[in-house]
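Remarks on the structure that follows.
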Amino acid sequence: MTDQATIKRLDKASMETRLNLLKLCQQTVIHIGGDMSCCDIMTVIWQYAIHYDPANPQWEERDRFVLSKGHAAAVTSFSQAAIGCYHTEDIYKEYATDFGRFGMHSCNLRNPYVDVSTGSLGHGLPIAGGIATALKAKNSQSRVFTVVGDGECGEGSIWEAAMAAVKHKLGNLIVFVDRNFLSFDGSTEEYMPLNDMAARWRAFNWNVIEVKDGNDMQQLVEAVDSLPKPDSEVPTVVVCNTVKGHGISFMENNSKWHAGMIDSDNYQAAVAEIKDAYHKKWGED
Amino acid sequence: MAGMTINVADLFSLRDAVGACLESLGEQYPNMIVCSADVDVSSRISGFKKKFPERSYNVGIAEQDLMSFCAGMAIEGFIPFAFSFAPFASMRAAEQVRTDICYSNLPVRIVANYAGYSGAESGCTHCALEDCAIMSSFANMTVIEPGDPFQIARVLKATMEWPGPVYIRMGKEATTSLYEESEKYEIGKALTPRAGEDGAFIASGIVVHHAMEAAEIVKAKTGAEIRVIDMHTIKPLDKEAVIEAAKTGRIVCAQDHNRIGGLGYAVGNTLAEAGVSCKFKILGCPDEFVPLATPNFLYHLNEYDAEGLANNMMKML
């Protein structure tokens, strides 16, 4: 059992990232729904699991990170800012500006903290497979973390990479699937059913960890604690059942909040709800 | 002949030079790797695989994964050679090449067999008539079309010191070389295997060989001396060689590729932007799909065999 101080720290970090996202969403369009669903996953990766030196983004021994669902760039940027890669204020200043480091999708032409430029779905995991293979060839002990959307799993290239990762024995490859059941148009189960996501990966011979509630920090930390060693030989997928727009009742499970901006009234209500949830759980602000 | 079996792989044109060259480069460059999508045998990379099994990867029939996988390996400092057939490398995996490789300017070398009509007996599924247009439009991409086994070996070697991604389109290969072993080869610098001041053929790949024959035909029939320019690098184009060729007053530009978007367009654009004028003709594949046929038949039909090239030049004299 992980100590509660750690869970509390991560819960608080997640709350702060959610507040940052809401603030950014007031000034510009972001993929707020998907940012919120994977916010806790991103927190546990960046503020608990990853081996990383914010002072040296090219550090050879770092764990790599590939954002396969590239539209979750905002939540990634704030999670990186939380460990010192940037000043949080810079994200507000530069987001969607000319030649800025931050925007709707991750781009590494100006931002050295982005290992791979992403945005087109179904590309991140295949590239992560190449990186993980290269790390193995270099006898590196680094891992590659990647976050894949559930809707993204409709791309055939995801399954090409899933096969290759098993063949290449990529025990250093860790995939988090943000299973929020919603894509742009609506329910994944309506538009292209994915059914039992974990079973699909199991059928491809991956090591599968299921997180019943992927917005629960305790469960996410337990999943990370149970990851195999980087020199193991089977890739791991952590299938996280999440809620799109998690934490804000009027956004939850509502595909209208896939991407957009928030007005002042909604912003106030959302902030209050997020702060309230943390207060209720931990008895402090 | 009863009981005789033919191995399909042996029917491909001379790619053995590629295989031999890969092995020697592999010794020289420890960070070089070879990846393929189920074309090890037909691409002649089995030798490299045998010699460097730990640096050989085959992702199966998955061209999209091939390109993304190579991007990932390149990010980590390897120099991947990705082998596929040109139609699949340039079209099935176009977005992976553009977004995963070119966007980050990664040194992946794509070696694509079956460019142009070289695989015409297999039908249009196995012909890349568009690859040059597609690949040339990707920022950071270098596009090369070697013409014979010796040149291919030089191209592969030259890419090792060349930055960014490279697409090497391998069409029908000549079995002889136009060059001496000592001939200097530079990416982006046209070769001139035949001098002449009365007109110029600008071509790439197998068509350079047709142009050499065509120049002899023209000389025999008219006495005119026609220059032959081997424009092995489509991008970046050797503009100086084009502008010099225009001074002869006549250019026939031919490539085994759709006339739209290929070498001819690049040369025409160079002439127009330089404000240089001369008689000018583009030859290549017509803008249509054709039934199953042999390459030589199609080259003849579309006038970029030796006879067709000669006739087109003589019309301009």
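Quick mapping for you: the protein sequence lines, in order, are chains F and Z. Take the first sequence: its letter number 260 is residue 260 in my numbering, and every next letter is one higher. Take the second sequence: its letter number 94 is residue 1094 in my numbering, and every next letter is one higher. All C-beta atoms in this analysis are idealised placements derived from N, C-alpha and C, irrespective of residue type, glycine included. Quick caveat, the model's predicted, so the values are computed rather than measured.
Sheet register partners of Leu67 (chain F) (DSSP bridge):
F:Val147
Do you know offhand how far Met1067 (chain Z)'s Cα is from Asp263 (chain F)'s?
42 Å
Let me check understanding here. Comparing Cα to Cα, which of Z:Ile1206, Z:Ala1093 and Z:Phe1052 lies closest to Cys1070 (chain Z)?
Z:Ala1093
Any idea which residues DSSP pairs Arg1250 (chain Z) with across the strands?
Z:Lys1279
Rounded C-alpha distance that separates Gly1249 (chain Z) from Ser68 (chain F)
54 Å
Return helix, strand or coil for Arg1092 (chain Z), following the three-state DSSP convention.
helix
Any beta carbon of chain F sitting closer than 7 Å to that of Gly1072 (chain Z)?
yes
Element boundaries [beta strand (DSSP E), containing Met1170 (chain Z)]
Val1166 to Met1170
Mind checking the segment 125-145 of chain F against chain Z and listing, in chain order, the residues whose C-beta falls within less than 9 Å of any C-beta there?
Leu125, Pro126, Ile127, Ala128, Gly129, Gly130, Ile131, Ala132, Thr133, Ala134, Leu135, Ala137, Lys138, Ser140 and Val144
Could you tell me which chain Z residues have their CB closer than 7 Å to the CB of Glu160 (chain F), listed as they occur along the chain?
Ala1062, Gln1064 and Asp1065
To the nearest angstrom, report how far apart Thr1303 (chain Z) and Ala165 (chain F) are at their CA atoms.
The sequence given here places Glu at residue 1303 (chain Z); Thr does not occur at that position. Rounded to the nearest angstrom, the two C-alpha atoms are 48 Å apart.
Does any residue of chain Z bring its CB to less than 7 Å from the CB of His71 (chain F)?
no
List in chain order: all unbroken alpha helix (DSSP H) runs of 4+ residues lying wholly within the segment 1080-1162 of chain Z.
1131-1136 and 1149-1159
Proximal residues to Met1004 (chain Z) (C-beta, below 7 Å), its chain only, five neighbours per side dropped
Because the pLDDT at Met1004 (chain Z) is just 42, under 50, the model does not fix this residue reliably, and the value given afterwards should be weighed accordingly. Counting only Cβ-Cβ distances below 7 Å, and skipping sequence neighbours, we find nothing.
Say yes only if the C-beta of Asp265 (chain F) is nearer than 6 Å to one or more non-hydrogen atoms of the ligand FMN, and no if none qualify.
No copy of the ligand FMN appears in this structure; indeed no ligand is present at all.
9 Å Cβ cut-off: residues of chain Z touching His123 (chain F)
Gln1064, Ser1068, Ala1071, Glu1095, Gln1096, Thr1099 and Asp1100
Quick check on the burial criterion: 16 or more other C-beta atoms within 10 angstroms. Buried or exposed for Ser1118 (chain Z)?
buried
Would you please verify whether the beta carbon of Ile1229 (chain Z) is less than 7 Å from any beta carbon of chain F?
no
Which residue from Z:Val1228, Z:His1232 and Z:Ala1082 puts its Cα closest to that of Ser1056 (chain Z)?
Z:Ala1082
In chain Z, which residues lie less than 9 Å from Asp115 (chain F) when you measure between Cβ atoms?
Ile1075
Neighbourhood of Leu1317 (chain Z) by C-beta distance below 8 Å, restricted to the same chain and skipping five residues each side
Asp1198, Gly1199, Val1218, Thr1222, Ala1224 and Arg1250
Where the alpha helix (DSSP H) through Tyr267 (chain F) begins and ends:
Ser264 to Trp282
When the cut-off is 7 Å and only beta carbons count, does Ser77 (chain F) lie next to chain Z?
no
Count the other C-beta atoms from every protein chain shown that fall within 10 angstroms of the C-beta of Met1160 (chain Z), then say buried if there are 16 or more, exposed otherwise.
exposed
Do you know how far the Cα of Glu1121 (chain Z) is from the Cα of Asp1010 (chain Z)?
Since pLDDT at Asp1010 (chain Z) reaches only 43, below the 50 mark, its modelled position is unreliable, and the value read off the structure follows with that caveat. Going by the C-alpha atoms only, they are around 15 Å apart.
What is the rounded straight-line gap between the Cα of Leu1298 (chain Z) and the Cα of Met192 (chain F)?
44 Å
Can you pull the chain Z neighbours of Ala164 (chain F), defined as C-beta to C-beta under 8 Å?
Val1059, Gly1060, Ala1062, Asp1065 and Phe1069
Three-state secondary structure (DSSP) at Val1242 (chain Z)?
helix
Nearest to Tyr1103 (chain Z) by CA position, among Z:Glu1186, Z:Met1141 and Z:His1126, is which residue?
Z:Met1141
Three or more C-beta pairs closer than 8 Å, one from the segment 39-54 of chain F and one from the segment 120-136 of chain F: is that the case here?
no
Suppose you measure from the CA of Gly151 (chain F) to the CA of Trp201 (chain F); what does that come to, to the nearest Å?
15 Å
Go through its chain and collect everything with a Cβ distance to Ala1246 (chain Z)'s Cβ below 7 Å, but skip five positions before and after it.
Leu1271, Val1276 and Cys1278
Do Asn1312 (chain Z) and Val1228 (chain Z) have their C-beta atoms closer together than 7 Å?
no
Mapping DSSP to helix, strand and coil, what is Leu1011 (chain Z)?
Any reading at Leu1011 (chain Z) must be qualified, since the residue scores a pLDDT of 35, below 50, and its modelled position is unreliable; the value itself is stated next. The answer is helix: DSSP assigns Leu1011 (chain Z) an H, G or I state.
Paired residues, beta bridge with Phe176 (chain F) - DSSP
F:Val147 and F:Val238
Which residues does DSSP pair with Met1032 (chain Z) in a beta bridge?
Z:Ile1079
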